[in-house]
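Those protein sequences? They're chains C and V, same order as listed. The working numbering applies: residue 1 is where the first sequence begins, and numbers increase by one. The working numbering applies: residue 1001 is where the second sequence begins, and numbers increase by one.
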Amino acid sequence: MKLQDIGSQCPCEAQNKFDFAELDLFLEKVEDMPGNLIVILQQAQNIYGYLPREVIAYISKKTGNSQAKIYGVATFYTQFRLQPIGKNLIMLCQGTACHVSGSQDIETVICDELKISDGETTADGVFTLNNVACLGCCSLAPVMMIQNSVGEETYGNLTKEKVLDIISQIREKEAKEA
Amino acid sequence: MKIIIGQGSCGIASGAKKTEAEFKRLLKEKKLDAAVTIAGCIGSCYLEPIVDIINDDGSASRYVHMTADKVEAVVNKHIIGKIPVTKYLISEAGSAFLTKQTRIALKNCGEINPEDINDYITAGGYQALKKALFEMNGDAICREIEKAGLRGRGGGGFPTGKKWVQVRSQQEPVKYVVCNGDEGDPGAFMDRSVMEGDPHKMLEGMIIAGIATGAQVGYIYVRAEYPLAVHRLQIAIAQAEESGYLGENILDSGFSFSIRINLGAGAFVCGEGSALTASIEGLRGMPRVKPPRTVEQGLFGKPTVLNNVETFAHVSYIITHGAEGYRKIGIEKSPGTKAFALTGNVNNTGLIEVPMGTTLRTVIFEIGGGVKNGKGFKAVQIGGPSGGCLTEKHLDMSLDFDSLSKAGAMIGSGGLVVMDEDTCMVGIAKYFMNFTEHESCGKCVPCREGTHVMNGILDDIVNGRGDMGQIDMLMELADTITNTALCGLGKTAASPVVSTINEFKEEYIAHVVDKYCPNGSCKGLKRVEIIEELCKGCAKCQVVCPVNAITGKRKEPYKIDWAKCIKCGLCLDSCNFSAIVEK
């Protein structure tokens, strides 16, 4: 996160872009809970898909935590994103078992097919690829989990063909919906 | 008749949901009377989806690899015709995977419905809690756990009873019980399995810890990557509260205990105690200097019992069977059982639980069914990024806390990644160092800078830029980091590198001196070779080579000078006889 990304524009002006009603309800709910910052950020990310600058400014104002502290927490944990992601988040497991079962080759297949690399989103906004530490499905290595508005699904024993098939199925579905 | 469909994350990923839907559809269509229910993961993940059919006489048939397309045959023959479909049933070898184990923490996993508290109670659940509440007091519980010799299953192996006694002796009115479900160790998933398959057992252990230490609030810190575990824990907590096992005035005993769930946000270092409590407090998860220890000043500065999921899952067994009963299993200094996640290049992957002191050979070759594809055994990585590798000569060593640390490894959380003869050990060391560098929180210099430099050196080595001095440098850095880092993550960060250098030094030498990866897996060290028998001596490759690395006489096999070769691959494409290969 570069400094200018954080402070180039006064957040108050842009705050109108976001609807804070749902977040407000949650903030009220956890108001008295000690150590609630991570929980709030997790909920905010659930609502907006990522942590927009305006939302962080809003949380800061509401909770009294400085923006610096909030950014400190948000950038420490890999779960939090400061940029929007695609409709389908591919979480490709890079755990030990997946590593020895060829997860790197799977990553190459995904990157070549979607023309993105780890952490990036496709131009059409359909896919984002994230390498993750371990999904805990080691016996089905290599594994990936795809998260979208419907929920999350885990795919195991991946091969090149299987991955390409999964991607094309999602593309078809997205095309139909569009 | 009852149909039980295994639905851990692994079962669902193998298609268990579709199997369940198909069973329900067919039962409805054919108007059959059979209950469909779910269970957690039984551990034989390589056989998923697994379906158990409990016949009316109480006998059970276990079907494996039960994908949706096989359901109709089973419904027609077994449910209607009462004759099991033999070809889909579990084989003898498959059953042996389970019969060779001794299960405490995983006992109910795959047997009971984790979303129904009554299943757990029928299986003897919450009896230990009743005993702890009405027949024992805090001192007696602590004594029993101490006598049982229970040691933390999360890695360090610290005596649990001692920890509880220390928290009990603190004169603070507010204390906490924290369950570490932040199973970040890549290659381990026993905690996930307990949370998904038998969540009440863990809750029961936490409540008993509360009685023992005088704490009234428990926190479960669980990884956000385990959505199913979180879901089942939420259900379990709600049901336990409703049934009076959790909440105000438990079973009219006057004791109150509540449990909250906190989702981890993806930081491996949060498995360390003080980092974990910082994370629950909503801060950056960074370890702090100790003392004060967590038992004195833990969560919100209060005395805190911090144990992992598997440890809590042992508590109810100890209370029910007594310390003596528990000590019958395992060995003197490491009593009880340990769950291991058996993965990598092994035939039967999955989750197993064996008495402490079982040999590695039994685990890999008898239970695990040996190395995949008939290949040779090379090593097993135990304890993830904090552990080390064990080789052929360690196969008959006993698996317990002390023997493993003597061998330069550690039990860690119990991940066992089996590696066959084709695995590059330098690559594995690089993989772990990359992981640790990425997960280092950055607070202390030895870990932050040390892991970065070590990873850089390993990067040089696997890309052919290394020299012998760098191997010594790795050992020196490893020594410094191990002795000076702030927390467990840093102190053990170098273990995979040290243990692979000790056991497989010749592989490191091949990488730095010969610039060659004996296993052909380091992409940066791939060599282009001309197969003499296939080469016709046409000189096409010599013409395309931009650095004149290929020489020879026409109509005789050509040769490649690896010192000059820049691995551009042009010669590979130019050859009409497939005589040039990359190795």
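Every residue, glycine too, gets a C-beta built ideally from N, C-alpha and C.
Check for me: the alpha helix (DSSP H) holding residue i runs from which residue to which?
| i | result |
| --- | --- |
| G1165/V | Per the sequence shown, the amino acid found at residue 1165/V is Val instead of Gly. Segment T1160 to R1168, the alpha helix (DSSP H) holding V1165/V. |
| M144/C | It is not in any alpha helix (DSSP H) - M144/C instead sits in the beta strand (DSSP E) that spans M144 to N148. |
| Q104/C | S103 to L114 |
| K61/C | R53 to T63 |
| L1233/V | P1227 to E1242 |
| I1104/V | Run containing I1104/V: none; DSSP gives neither H nor E here. |
| L27/C | A21 to K29 |
| V1543/V | K1540 to V1544 |
| C1010/V | S1009 to A1013 |
| T75/C | Q67 to F76 |
| Q169/C | K160 to E177 |
| R1151/V | That residue, R1151/V, is in no alpha helix (DSSP H); it is neither H nor E in DSSP. |
| K1443/V | Premise fails: K1443/V is in no alpha helix (DSSP H) and is neither H nor E. |
| D1573/V | L1570 to S1574 |
Would you kindly report the start and end of the unbroken beta strand (DSSP E) that includes residue i?
| i | result |
| --- | --- |
| N36/C | Counting along the chain, N36/C falls outside any beta strand (DSSP E), and DSSP gives it neither H nor E. |
| N130/C | F127 to V132 |
| F1377/V | F1377 to I1382 |
| C93/C | N88 to C93 |
| V1417/V | G1415 to D1420 |
| E1582/V | I1580 to E1582 |
Indicate whether at least one CB of chain V lies closer than 8 angstroms to the CB of residue i.
| i | result |
| --- | --- |
| C137/C | yes |
| Y58/C | no |
| Y71/C | no |
| V132/C | yes |
| N36/C | yes |
| M1/C | Annotation note: pLDDT 43 at M1/C (below 50); position unreliable, coordinate value reported separately. With 8 angstroms as the cut-off, M1/C does not count as an interface residue toward chain V. |
| Q79/C | yes |
| I6/C | Because I6/C carries a pLDDT of 46, less than 50, the predicted location of this residue cannot be relied on, and the following value inherits that uncertainty. So no, I6/C is outside the interface. |
| Q43/C | no |
| T154/C | yes |
| A68/C | no |
| L51/C | no |
| T96/C | yes |
| F76/C | yes |
| V163/C | no |
Counting only beta-carbon separations shorter than 8 angstroms, does residue i have a partner in chain C?
| i | result |
| --- | --- |
| A1379/V | no |
| I1280/V | yes |
| V1230/V | no |
| V1417/V | yes |
| R1153/V | no |
| E1506/V | no |
| L1306/V | no |
| A1013/V | yes |
| I1499/V | Position check: residue 1499/V holds Ser in this sequence, whereas Ile was assumed. Closer than 8 angstroms: no. |
| L1106/V | no |
| N1345/V | yes |
| E1225/V | yes |
| C1575/V | no |
| G1350/V | yes |
Using DSSP bridges, identify the partner residues of residue i.
| i | result |
| --- | --- |
| G1350/V | L1342/V |
| E213/C | Missing from the structure shown is residue 213/C; chain C here goes from 1 to 178 and no further. |
| D1052/V | I1004/V and R1062/V |
| K1559/V | T1551/V |
| G1218/V | V1177/V and I1259/V |
| G1247/V | F1257/V |
| T1359/V | S1398/V |
| I1038/V | I1005/V |
| G1388/V | I1382/V |
| V1436/V | Inspection of the sequence shows that residue 1436/V is occupied by Thr rather than by Val. DSSP, once it has assigned bridges, lists no residue as partnering T1436/V. |
| T1337/V | P1355/V |
| V1371/V | V1346/V |
Using beta-carbon positions only, say whether residue i and residue j come within less than 8 angstroms of one another.
| i | j | result |
| --- | --- | --- |
| S1413/V | C137/C | no |
| A1493/V | T1451/V | yes |
| Y1245/V | L1360/V | no |
| P1385/V | F1432/V | yes |
| N1347/V | G1376/V | no |
| N1308/V | N1180/V | yes |
Checklist line | Complete alpha helix (DSSP H) runs within the region 1264-1335 of chain V (minimum length 4 residues, chain order) | finding: 1273-1280 and 1309-1327
Check: Unbroken alpha helix (DSSP H) runs of length 4 or more, entirely within the region 1061-1102 of chain V: which are they?
Finding: 1071-1074 and 1092-1099
Check: Which residue spans inside the region 1121-1149 of chain V form an unbroken alpha helix (DSSP H) run of at least 4?
Finding: 1127-1134 and 1138-1148
Note to self: For a minimum of 3 consecutive residues, which ranges assigned as the beta strand (DSSP E) are wholly contained in the region 1480-1533 of chain V?
What the structure shows: 1528-1530
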